[in-house]
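Enquirer:
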Amino acid sequence: MTQCHYEKEVDEKMPSSTFTNLPDEKRQRIEAALLNEFSNHTLATAQVARIVKDAQIARGAFYKYFDNLTDAYSYMYHLLAAKLGSRDDMERRHLQTATEYIQRVRDLADTSGSLRNFFVLHYTANEGLLPDPLPAKVKAMMDDQRWSAMMLIHESIKECLVDPENEDLILKRLERVLRVLLKEGETEDVSSNQRDSSREGALRPHRDDGGLN
0 MTQCHYEKEV
10 DEKMPSSTFT
20 NLPDEKRQRI
30 EAALLNEFSN
40 HTLATAQVAR
50 IVKDAQIARG
60 AFYKYFDNLT
70 DAYSYMYHLL
80 AAKLGSRDDM
90 ERRHLQTATE
100 YIQRVRDLAD
110 TSGSLRNFFV
120 LHYTANEGLL
130 PDPLPAKVKA
140 MMDDQRWSAM
150 MLIHESIKEC
160 LVDPENEDLI
170 LKRLERVLRV
180 LLKEGETEDV
190 SSNQRDSSRE
200 GALRPHRDDG
210 GLN
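In numbering that gives the first Met the number 0, the protein residues as written are 0 to 212.
1) Looking at the secondary structure, which residues open and close the alpha helix (DSSP H) in which Q27 lies?
2) Taking 8 Å as the threshold (C-beta atoms), are A54 and A32 in contact?
3) Whether or not the region 120–133 and the region 169–184 are in contact is what I'm after, with contact meaning three or more pairs of Cβ atoms, one per stretch, closer than 8 Å; do they touch?
4) Relative to the C-alpha of E99, which candidate in I152, M141, N35 has its C-alpha closest?
5) Using the C-alpha atoms, what's the distance from L168 back to S73?
6) Alpha helix (DSSP H) containing T17: first to last residue?
7) In this structure, does DSSP put F117 in helix, strand or coil?
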């Protein structure tokens, strides 16, 4: 399945055009209020009242921009995930190397402050309350490598966020498994053997016997 086919299958919830057409300063102020709320409270305990007070907007305006709290949360999740490269964003791209995947996981795991709190709450409390960003049909059509990489990366991100002291161990394990999954070890072995053969050929004494055996 090509990248465009993945994107057509995934229906991300978007806020109203009223919100997207707001002046940048006001839209960013609302986004900051949403981040503040969802980095300090789970989706189940979040309150519109706190958000509108923080954003300095009327309660009625909130519902012109979003259907409900889940809609607002979904918007923020996709906005932040797109910046950091989360699970659904990764899997609409071509397969990358283990090193590239590890760097993207590390970038997300090494966030701090409100951004980190947002993702910790997402993976520990909120994720199960949202529709899966990749519908079952899309995942069923993934090739084995892509699906396996997605699941491994997703679980490793979660582990790194909730257990930062063991981040290096978690990422080293992920890298080992990804190299096997992506068959990078086989490629490296072949290249190594080729280099060894070339080196042996270069070091082997040259016989100049006039063509005689």
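Using N, Cα and C, we set each Cβ at its ideal position, and we do this for glycine too.
This one's a predicted model, so the numbers in the text were calculated from it and none came from an experiment.
Expert: Let's see:
1) 23–39
2) yes
3) no
4) I152
5) 31 Å
6) 16–19
7) helix
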